[in-house]
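Read the structure below first, then the notes.
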Amino acid sequence: MRIETLAVHAGRKSDPATGAVAAPIHLSTTFERGADGDYPHGYVYSRSSNPNRVALEIAIAAVEGGGEAAAFSSGLAASLAIFQALSPGDRVVVAADTYHGLTKLVRELVVGWGIHADFIDMTDLEQLRNALKRTAKLVWIETPSNPLLKITDIRKVAELARAAGATCVCDNTWSPIIQRPLDLGVDLVVHSTTKYFGGHSDITGGAVVTRESNELFEKIKNIQGTGGAIPSPFDCWLVHRGIQTLPWRMRAHCANASRLAEFLQEHEKVGAVHYPGLTNDTGHHVAAAQMTAFGGMMSFEVKGGRDAALKVAARTKLFVRATSLGGVESLIEHRASVKGEDPRTPPGLLRLSVGLEHAEDLIEDLDQALTA
10 MRIETLAVHA
20 GRKSDPATGA
30 VAAPIHLSTT
40 FERGADGDYP
50 HGYVYSRSSN
60 PNRVALEIAI
70 AAVEGGGEAA
80 AFSSGLAASL
90 AIFQALSPGD
100 RVVVAADTYH
110 GLTKLVRELV
120 VGWGIHADFI
130 DMTDLEQLRN
140 ALKRTAKLVW
150 IETPSNPLLK
160 ITDIRKVAEL
170 ARAAGATCVC
180 DNTWSPIIQR
190 PLDLGVDLVV
200 HSTTKYFGGH
210 SDITGGAVVT
220 RESNELFEKI
230 KNIQGTGGAI
240 PSPFDCWLVH
250 RGIQTLPWRM
260 RAHCANASRL
270 AEFLQEHEKV
280 GAVHYPGLTN
290 DTGHHVAAAQ
300 MTAFGGMMSF
310 EVKGGRDAAL
320 KVAARTKLFV
330 RATSLGGVES
340 LIEHRASVKG
350 EDPRTPPGLL
360 RLSVGLEHAE
370 DLIEDLDQAL
380 TA
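In structure tokens form, the structure reads like this:
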């Protein structure tokens with residue numbers, strides 16, 4: 010099936026009890042045993058398994074092109090489960106320009122368990138080759154990166170990781186549907202389903218998708234059920250509903266972002282635009298080879314630095330000043346204010362999550378905010 014059809018039907022069937030086309034929400038925490046003490050319906054307790062979570066995991070695995078998926082209560086919970094499946098003494102190589110929450114998780118939690126972490130520029134394959142001269146258990150990439158939209162060559166990184174005996178993980182939160190890391194050789198894909206999968210800024214969730222079942226993924230599934238960082242049945246239901254429109258929403262997000270990037274690139278108050286869809290972007294060539302569209306996320310640098318950027322963000326009328334991304338509404342954020350002191354984040358940089366409003370209305374809003 011093509012992706013639009015798959016998104017509508019994966020993990021779905023009419024309710025056998027009532028014939029309802031919309032899936033019911035199974036709020037029960039526990040399930041009745043049969044007279045023989047067995048569980049005839051396959052469910053015991055909602056921490057270990059729930060009908061809504063099972064349906065969601067089937068759908069996520071299908072649209073991501075994986076064999077199995079495990080749903081979690083947040084993107085960071087999903088990420089944490091991967092690191093928890095490692096052992097003390099293991100070494101990981103992580104992209105330096107990655108979501109600051111992931112960096113914080115690794116530096117403040119993971120290394121405390123005796124896991125060693127090196128942060129490198131994943132766009133520089135020579136750095137990765139040097140990093141893999143020492144034994145590594147895991148290579149973690151994020152592309153496009155947050156917030157500078159640096160592009161990592163997924164296929165080449167996956168090949169280097171495989172040759173070194175390391176598991177390759179890709180955070181694909183920014184690029185569902187339009188980028189297929191598992192097809193490019195990655196072993197695990199991570200999503201914050203809070204973002205595009207949910208699509209409406211009303212749930213928190215995460216997922217790990219594996220290309221095929223293996224010992225590492227079985228450990229992750231065990232951590233999911235034993236540790237209990239699971240999404241509620243209602244959150245599973247909401248994400249599953251969001252998946253039905255995901256391919257169409259991604260097209261609109263990408264089209265709008267492309268228009269805004271072209272506009273901002275020509276604006277006299279803008280010093281730089283970071284968006285791989287622009288032909289002069291340093292990552293454009295690689296992005297064009299591994300993405301079918303260039304995403305709904307972008308960032309740009311306002312001339313005048315931090316104060317000028319904060320004023321622009323304060324003057325927008327349609328763009329909401331808020332953290333997160335992937336919802337129907339457009340968001341704007343002064344990223345350095347969120348990340349704190351970080352020399353990699355320019356002080357005048359504003360990150361945009363481009364929503365589903367009309368592109369011309371968004372352009373007019375940014376124009377008045379920049380020129381007021």
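Take 10 as the starting number for the sequence shown in the working numbering and just add one per residue. The beta-carbon is built from N, C-alpha and C at its ideal position, and this holds for glycine as well.
Simplified DSSP state of residue i, which is helix, strand or coil
i: PHE40; result: coil
i: ILE12; result: helix
i: VAL337; result: coil
i: THR254; result: helix
i: VAL178; result: strand
i: GLY110; result: helix
i: PHE328; result: coil
i: HIS18; result: helix
i: LEU319; result: helix
i: TRP183; result: coil
i: ALA90; result: helix
i: ALA80; result: strand
Residue range of the unbroken alpha helix (DSSP H) whose run includes residue i
i: ILE341; result: First-last for ILE341: 340-343, but that is the beta strand (DSSP E), not the alpha helix (DSSP H).
i: LYS165; result: 163-172
Beta-carbon proximity check, residue i vs residue j, cutoff 8 angstroms
i: LEU361; j: SER339; result: yes
i: THR354; j: GLU342; result: no
i: ALA70; j: VAL282; result: no
i: SER308; j: LEU158; result: yes
i: LEU269; j: LEU375; result: yes
i: LEU359; j: ALA318; result: yes
i: PRO242; j: PHE81; result: no
i: ARG100; j: ARG143; result: yes
i: LEU191; j: ARG171; result: no
i: VAL216; j: THR235; result: The question names Val, but residue 216 in the sequence shown is Ala. No; because the gap between Cβ atoms is not below 8 angstroms, this pair is not in contact.
i: LEU371; j: VAL321; result: no
i: GLN233; j: ALA90; result: yes
i: ILE229; j: ALA126; result: no
Opposing strand residues paired with residue i [DSSP bridges]
i: SER362; result: MET306, LEU340
i: ARG100; result: HIS125
i: LEU197; result: VAL178, THR219
i: VAL279; result: VAL311
i: MET300; result: GLN188
i: LEU371; result: Beta-bridge pairing links LEU371 to no other residue.
Local Cβ density within 10 Å of residue i, reported as buried at 16 or more and exposed below that
i: ASP211; result: exposed
i: ASN265; result: buried
i: VAL72; result: buried
i: TRP183; result: buried
i: HIS294; result: exposed
i: VAL195; result: buried
i: ASP167; result: The amino acid at residue 167 is misidentified as Asp; the sequence shows Ala. Label assigned to ALA167: buried.
i: TRP149; result: buried
i: GLN188; result: buried
i: GLU77; result: buried
i: SER88; result: buried
i: ARG344; result: buried
i: GLY51; result: exposed
i: MET10; result: exposed
i: LEU246; result: First, the residue type needs correcting, since residue 246 is Trp and not Leu in the sequence shown. Burial call: buried.
i: ALA64; result: buried
Boundaries of the beta strand (DSSP E) in which residue i is found, first to last residue
i: THR235; result: Careful: THR235 lies outside any beta strand (DSSP E), inside the alpha helix (DSSP H) at 224-236.
i: LEU147; result: 147-151
Min CB distance residue i to chain B below 8 angstroms
i: TRP149; result: The structure shown has no chain B; it contains just one protein chain.
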